[in-house]
Every structure is written in C-alpha cells, then in structure tokens.
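What follows is one structure encoded as structure tokens, with my remarks underneath.
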Amino acid sequence: MKNNIFKLTVSQLKEIALLLQSRIETGLREDNTEIQCIPTYVYPTEKPLEGEALVLDLGGTNYRVAVVEFTPEGTVIHPNDGWKKDLSIMKQQGYTRAELFKELTDPICATKHDNEMPIGYCFSYPAESLPGGDARLLRWTKGVNIQEMIGQPIGQPLLEELNAHCSNRFSGIHVINDTVASLFAGLTDRSYDAYIGLIVGTGTNMATFIRSDKISKLPDEQKQQHNLVPVNLESGNFNPPYLTLIDDTVDAFSDSKGRQRFEKAVSGMYLGDILKAVFPFNEFEEKFDAQKLTTIMSYPDLHKRKYVQVARWIYKRSAQLVAASLAGLISLLVSHHPEIKRVCLIAEGSLFWSENRKGKNYQQIVMEELQAILLSLDIHEVEVHIKQMENANLVGTAIAAKS
Numbered sequence: 181m182k183n184n185i186f187k188l189t190v191s192q193l194k195e196i197a198l199l200l201q202s203r204i205e206t207g208l209r210e211d212n213t214e215i216q217c218i219p220t221y222v223y224p225t226e227k228p229l230e231g232e233a234l235v236l237d238l239g240g241t242n243y244r245v246a247v248v249e250f251t252p253e254g255t256v257i258h259p260n261d262g263w264k265k266d267l268s269i270m271k272q273q274g275y276t277r278a279e280l281f282k283e284l285t286d287p288i289c290a291t292k293h294d295n296e297m298p299i300g301y302c303f304s305y306p307a308e309s310l311p312g313g314d315a316r317l318l319r320w321t322k323g324v325n326i327q328e329m330i331g332q333p334i335g336q337p338l339l340e341e342l343n344a345h346c347s348n349r350f351s352g353i354h355v356i357n358d359t360v361a362s363l364f365a366g367l368t369d370r371s372y373d374a375y376i377g378l379i380v381g382t383g384t385n386m387a388t389f390i391r392s393d394k395i396s397k398l399p400d401e402q403k404q405q406h407n408l409v410p411v412n413l414e415s416g417n418f419n420p421p422y423l424t425l426i427d428d429t430v431d432a433f434s435d436s437k438g439r440q441r442f443e444k445a446v447s448g449m450y451l452g453d454i455l456k457a458v459f460p461f462n463e464f465e466e467k468f469d470a471q472k473l474t475t476i477m478s479y480p481d482l483h484k485r486k487y488v489q490v491a492r493w494i495y496k497r498s499a500q501l502v503a504a505s506l507a508g509l510i511s512l513l514v515s516h517h518p519e520i521k522r523v524c525l526i527a528e529g530s531l532f533w534s535e536n537r538k539g540k541n542y543q544q545i546v547m548e549e550l551q552a553i554l555l556s557l558d559i560h561e562v563e564v565h566i567k568q569m570e571n572a573n574l575v576g577t578a579i580a581a582k583s
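Just so you know, the sequence shown maps onto residues 181 to 583 in our numbering.
What follows is the structure, encoded as structure tokens:
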C-alpha cells in the first residue's frame, strides 16, 4: 500500500469531534441512540471514606478480586493489584451464566473477612444502570455472548449466589462500568473542574459527569436529588466519518456487524485485524492484536517494511480518533460549564499506555493531536491532565461500593 488511506487531517478530526458532541447531546435526550449516554445511579459520596469493600473487576479477558480498605493514611488493596484470573473461557460458544457465576464466586468465597462488606462490581460491558445501584446487561461485546444474561440484572443475582454459598456475608452491591470506575478514581484529587474516565485497551469507551439538567431523559427524581450525574457514554458505538473500505471489511467479518465502528477502528482487539485486512493474502497469526502490531513498529528490522509502515499508520490513526473523541467530549463539557479550565483524564488500557520504541508513544500522539483539535475548536484555555493511576479500576469501584 503506497498511499496512507488512514491519514486524518486536523480539519477532519475537528469534524469527527463535533459530530461526536452532537451524538452525545442526542444521547442525553433520548434512549437507544448511537451514543447511549447511560446515566449511572451510583453517586460518589463527598464524605471521607473509611472501612473495607470487596471489589470485583470483570474485563474483556481478565477477572480480579480484591479487598480495598480506606484508612486515614490512604487506600490499601489486599492483595496488591488484586487476585487475578484469566476468563478468556467466557468467549467460548455455549458458555452459560451458571459457569460464569462459578468462576466469579469461587475466589470470592475463598476470601476471609470478619465484617459484612459492600461489594463494588466493575462490569466492563454495556449495561443500563438501575436505581439502587444495580445494572441491566444491554449486550455483550469483546467476543462474549452469554445470551441468557442479556436484559437481566447483573449485581443482585450474583449477590444472592454469594450470600447463599459463601460463609462470608455481603451487605449490598453497586455495579458500574470500567470507565465510570476510572472516572470515580479521579476524585481522589478534587482540585479539577471536570473529570473524564477513558479506556483504550481491548475495547474503548469514555465516561464523565454531566449536569443533571442537561440530561433530558433523566427521571425527575434523579434531577432533583443530584446536580452531577456519572454518565457512561458507550462511545465505542460511535460511527465516525472517514472510515475506510478496510474498516468496512473488518466490520463485515466481526461478530457485531454494523456496531462498535469506532471501537473497531481504535481498540486493541481490532488493530491487528485492520493490518491483516490490508494484507489479506499474507500469513499472520490468528490472534493478532495491538500488542503484536506495536511489536512490528518497535522492531522494524525484524519485519517487512510494508508491514511496519502500515502498522504505524493504523497506530497513529487510532490515537488521533481517541484525541478527536476527547475533544468532542471536552467541547460539550465546556458548553455546559464555560468556567472549566482544568480537566482530569484518568486513562486506562494497555494500548493507551503502549510504547513505540521507534517513534512517539500512543499517549503522546493523543495529547499532541488533542491540543491541535481543541485549538481548531477555539478552546484555548483548557488544560487536560492525563493521569495513569495504579489500580484505578479497583479504587474507583471501591468508591462506588461505599457510596
């Protein structure tokens, strides 16, 4: 491929940002839209946190369990980084809820504690938040498809299973998305005007706090009780302009044709598929993700020049699209709060923090492109601070459990 079909100009990125902003505004008014803007009915407490919470973190392929303790001296996680388990088995055809619950509950029942604890459940799939803190599964992504769980509550059935079979007792459960968990983790520093949670790993998504009076579809009771509402955008389903025929091919061969178009152009699960679609008659490993794509860039002498070149194009476009999505969201927040000057961005995901040994790292590209897009949008005075927080998911989910 001689010409870079993945190249995007600042003008095009600005157009993408403004379209995303418009799609978010629609999602704040209506249900079942391209950008769903799912309100989360878990509101972080402003009181000092104390005591313990059990935290569950179910991602695309990994599962973690930890006890998070809030003390006057700081936050302590037992064990460090949580107890981890590979749950790639979830992607197997015919996998059932009973099988999943057994995988989830076994390590929880093995934990020992003296007091009844609340549970925070970081559930990294599209789910509708329910009053009281539970959530209802909307659909599976990332190759998982346990049909019997779609449309059903996520937290309460698991809580009942745990209290029925574990010697430990649990007082309640709050379910949040991984982006909302990252968003909450940012609140450990209250000095910012606005907060964004961002995931760019196996999948991609954003979350932020939106003024309740700007969410037309929000029940009046929630508007009256809370000024700021955590909103899980489900931005991976955005369908941006300037995608290519290669992207159409990747979409056509995916298990979610027509959906998650932004995610398929950006996230780690799909970047390898894009490269393979460019070279359909070449031999690549069946599992060829973003990690292998970045390896090609980092060690160019070990790979064909054409692979290295296209890998760099795909990597850069992914970062540019993330920058455009952030610019669109920041533009929306500034339109709601013109006084916003400092934005805290808690960024999670292996792709976002990946390294390119022979060029700019991903997060560096995102920052440079974001600044250029914000300037093109006449947003000059907003500072965006990107933070990498250790165990942000666990800390943010523990905050949800104690809220």
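Each residue gets a CB set at the ideal place from its N, CA and C atoms; glycine is no exception. These numbers come from a predicted model, not from an experiment.
Note that the stretch 444-451 touches the stretch 488-508; at least 3 beta-carbon pairs, one per stretch, sit closer than 8 Å.
Excluding the 5 residues flanking it on each side, residue 476 has same chain C-beta neighbours closer than 7 Å at 483, 487, 488 and 491, in chain order. If you look at residue 486, you'll find it in the alpha helix (DSSP H) that goes 485-516.
Around the beta carbon of residue 347, fewer than 16 other beta carbons sit within 10 angstroms, so the residue counts as exposed. In the three-state reduction of the DSSP assignment, residue 223 falls in the coil class, being assigned neither a helical nor a strand state. For residue 331, no alpha helix (DSSP H) encloses it, and the DSSP letter there is neither H nor E. DSSP places residue 441 within a helical segment (H, G or I) once states are collapsed to three.
DSSP places residue 264 in the strand class (E or B) of the three-state scheme.
In the structure shown, residue 289 adopts helical secondary structure according to DSSP, grouped into three states.
By the C-beta criterion, the stretch 526-536 is judged not to be in contact with the stretch 216-236, since fewer than 3 inter-stretch pairs fall below 8 Å. Counting C-beta pairs with one atom in each stretch, the stretch 502-513 and the stretch 552-565 have three or more that are closer than 8 Å, which means they touch.
Here residue 207 carries a helix assignment [DSSP, helix/strand/coil]. Counting along the chain, the unbroken alpha helix (DSSP H) around residue 450 starts and ends at 448-458. Relative to residue 422, the option among 182, 195 and 183 whose CA is nearest is 195.
Here residue 318 carries a coil assignment [DSSP, helix/strand/coil]. Distance between residue 544 and residue 503, taken at the CA atoms: about 10 Å. Fewer than three beta-carbon pairs drawn from the stretch 398-407 and the stretch 428-439 are found closer than 8 Å, and the two stretches are therefore not classed as touching.
In this structure, residue 326 sits away from residue 217, with a CB-CB distance that is not shorter than 9 Å. If you draw a 10 Å sphere on the C-beta of residue 519, you find fewer than 16 other C-beta atoms in it, and that means exposed.
Sequence-distant partners of residue 414 (beyond 5 residues in either direction) whose C-beta falls short of 7 Å from its own C-beta, in its chain, are 215, 216, 218, 306 and 385. Residues of the same chain with a CB within less than 7 Å of the CB of residue 271, apart from the 5 flanking positions on each side, are 323 and 324 in chain order. In terms of CA proximity to residue 336, 353 leads the group 353, 280, 464 and 318. It is roughly 16 Å from the alpha-carbon of residue 280 to the alpha-carbon of residue 344. Here the C-alpha atom of residue 258 lies approximately 19 Å from the C-alpha atom of residue 239. In the displayed model, residue 351 falls within a strand according to three-state DSSP.
Residue 474 holds the alpha-carbon nearest to the alpha-carbon of residue 540 among 566, 525, 552 and 474.
Assignment of residue 393 by DSSP, reduced to helix, strand and coil, places it in the helix class. For residue 582, the CB contacts under 6 Å within the same chain, skipping 5 residues up- and downstream, are 229 and 233 in chain order. According to the DSSP secondary-structure assignment, residue 270 is paired through a beta bridge with no residue. Judged by their CB atoms, residue 497 and residue 186 are nearer to each other than the 9 Å cut-off. Between residue 283 and the set 471, 332 and 342, the nearest pair of CA atoms involves 342.
Residue nearest to residue 314 within the set 299, 526 and 367 is 299 (criterion: CA-CA distance). Within the same chain, 517, 519, 520, 521, 522 and 523 come within 8 Å of residue 373 by CB-CB distance, once the 5 residues on both sides are set aside. A Cβ-Cβ separation of about 26 Å leaves residue 445 out of contact with residue 410 under the 8 Å criterion. A straight-line Cα-Cα distance of about 49 Å links residue 427 and residue 253. In this structure, residue 357 sits near residue 220, with a CB-CB distance shorter than 9 Å.
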